[in-house]
Structures are given as structure tokens and as C-alpha cells.
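So the structure is just underneath, and the comments pick up after that.
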Amino acid sequence: MAKYDIIHSCGHSRTVFLYGKHNERERKIEWMANQDCPSCWAAKKRESDALKPITATISLLPFPGARGHVPVFQIALTGGTEPRKEEIKALGYKWGGICGNFMEMLSFSSHPKGWVRKIEWITDDEVTASIKALAPLNPKVVNNIKPWDVVLLKQRQAMHQAQEAAVSAIPKPERPACYPVGRWNGKIYGGFRIYVDGEEVQLNRADAQAILVYQTAMASYKEACVKVREQVA
Ligand SMILES: [Zn+2]
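Numbering-wise (my numbering), the sequence shown opens with residue 295 and increments by one.
Structure below.
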């Protein structure tokens with residue numbers, strides 16, 4: 295190993311340590327001397343990236359959204375986004391890692407970064423509207439949704455619909471008119487005392503009874519919903 299001072303083509307100098315055979319080192323030194331230093335290289339890259347058109351890549355995420363089996367698609371903006379940053383933010387995009395589709399998720403390569411928005415795919419209107427909103431940025435739209443993604447999507451949508459149908463078939467207990475309105479921890483103290491928005495409220499015997507019956511019915515209703523969702527999944 296030896297230490298070398300390199301003068302880059304941008305005029306900046308840098309000390310590097312090189313290994314290997316003498317002639318290989320010479321070649322490396324010559325090559326580096328013809329390049330810009332790393333910080334100038336990065337600055338030039340940022341500049342040329344800013345001039346690039348914006349690319350909007352649409353893909354389907356391999357995992358469902360927070361609400362059961364509702365599929366989620368992602369729009370990732372890459373390329374010359376820097377000068378249009380504020381507009382992109384105003385459209386609800388966040389800077390971060392770009393998730394790949396199902397096949398890309400299985401690879402171990404690191405995920406690139408960009409401006410990302412994740413949207414629930416309930417009908418195709420969500421996709422169309424999200425792309426339309428990007429019109430002022432004039433992006434190149436790349437559809438990265440693969441045939442197997444669509445298969446997955448259809449499966450998930452069918453499962454979601456089946457679950458919702460099964461859940462809606464379970465009768466939902468009716469909330470009694472005397473049910474407290476406001477912030478309440480759901481607890482009845484001493485058989486009749488409750489606290490709503492921090493204030494003590496006294497229930498009469500019939501109302502306390504009706505609330506208890508409703509709470510019990512709600513608990514079994516929720517249990518039944520979970521069970522039926524699991525059965526359909
Ligand atoms: Zn430089």
C-alpha cells in the first residue's frame with residue numbers, strides 16, 4: 295500500500311491509498327486524475343439530475359393497506375424532482391425509500407429513494423386521479439404493474455369483498471339512545487356512576503342495564519367479525 299496525492303480535473307487534490315501491482319496503481323492514478331473529485335462529481339450529478347424529466351413510476355405494493363385487504367399502489371417520482379420539490383410536497387408526496395413490487399421485494403438490493411405516495415386502490419379511479427394530479431409536472435409515466443401484481447390485486451379485492459359481505463351479514467347491535475356522548479372509558483362504577491369528558495354522570499338503573507347489554511353484544515359482535523374475516527382469508 296502506498297499514499298498518493300491526486301490532482302483531479304476539477305483542480306481539487308486528494309490523498310488516496312492504493313494497493314496492488316505498480317502498473318495497476320499507475321493506471322488508477324491516471325484515471326482518477328482525469329475525473330472530478332467526489333464532491334464536484336456529486337454536485338455535477340445533482341445539476342444534471344435537476345435537468346432530467348420527472349419519471350412517475352406506478353407499482354402495486356406487495357402488502358395490503360391498514361384496512362384489511364385493500365390493495366395499495368405507489369407512485370414514485372424520480373429524476374429532476376429537485377426544482378419542483380415544493381409542488382411535489384403539496385401533492386402529498388414524501389421523500390423516502392421506494393418499495394418495489396412483489397418480485398423486487400424478494401431481492402436483497404437496497405431500495406432507491408424518491409418522492410413517494412401510497413394510495414389505496416379501491417377502484418381504478420384512484421389511479422387515474424392520482425396520475426392526473428401530476429399533469430403540471432409533465433412526468434414520464436412508467437407503469438410497473440406486472441401481470442402477477444394484477445392477479446394478486448384481483449385476489450385481494452375478491453377477498454376484501456368476500457370479507458365485507460360476510461361481516462355485513464352479522465347483525466350489528468343497536469346503540470341505545472342513552473349511550474354516553476363524549477369521551478368515556480366504557481366503565482361503570484358502583485353500578486351507575488360514569489365519567490364523560492371528565493364529568494361525573496349518574497345513570498338510572500334502566501339506562502345502566504341497557505348500556506351493559508349493548509357493551510356485551512358489541513364485544514361478541516366484534517369477536518364474530520374477526521372470526522369471519524379469518525375464515526374468509
Ligand atoms: Zn473538485
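Where a beta carbon is used, it is the ideal one built from N, C-alpha and C, also for glycine.
- Membership of THR375 in any alpha helix (DSSP H) is not indicated, and neither H nor E is assigned to it by DSSP.
- The beta-bridge partner set that DSSP reports for TRP478 consists of VAL490.
- Looking at the backbone, the Cα of VAL461 and that of GLU517 are separated by about 11 Å.
- A residue is listed when its beta-carbon falls short of 7 Å from at least one non-hydrogen atom of ligand 1; in chain order these are HIS302, CYS304, GLY305, HIS306, ASP330, CYS331, SER333, CYS334.
- Annotated three-state conformation of THR510 is helix, per DSSP.
- In the three-state DSSP reduction, GLU414 falls in the strand class (E or B).
- Three or more Cβ pairs drawn from the segment 409-418 and the segment 380-389 lie within less than 8 Å of each other, which places the two stretches in contact.
- Per the Cβ contact rule, the segment 370-381 is not in contact with the segment 459-476 (fewer than 3 Cβ pairs under 8 Å).
- Using a 10 angstroms sphere on the CB of HIS454, the tally of other CB atoms reaches 16 or more, which defines it as buried.
- In this chain, the beta strand (DSSP E) harbouring LEU312 covers 307-312.
- For PRO332, the number of other beta carbons within 10 angstroms of its own is below 16, and it is reported as exposed.
- Secondary structure at ALA350: strand, using DSSP grouped into helix, strand and coil.
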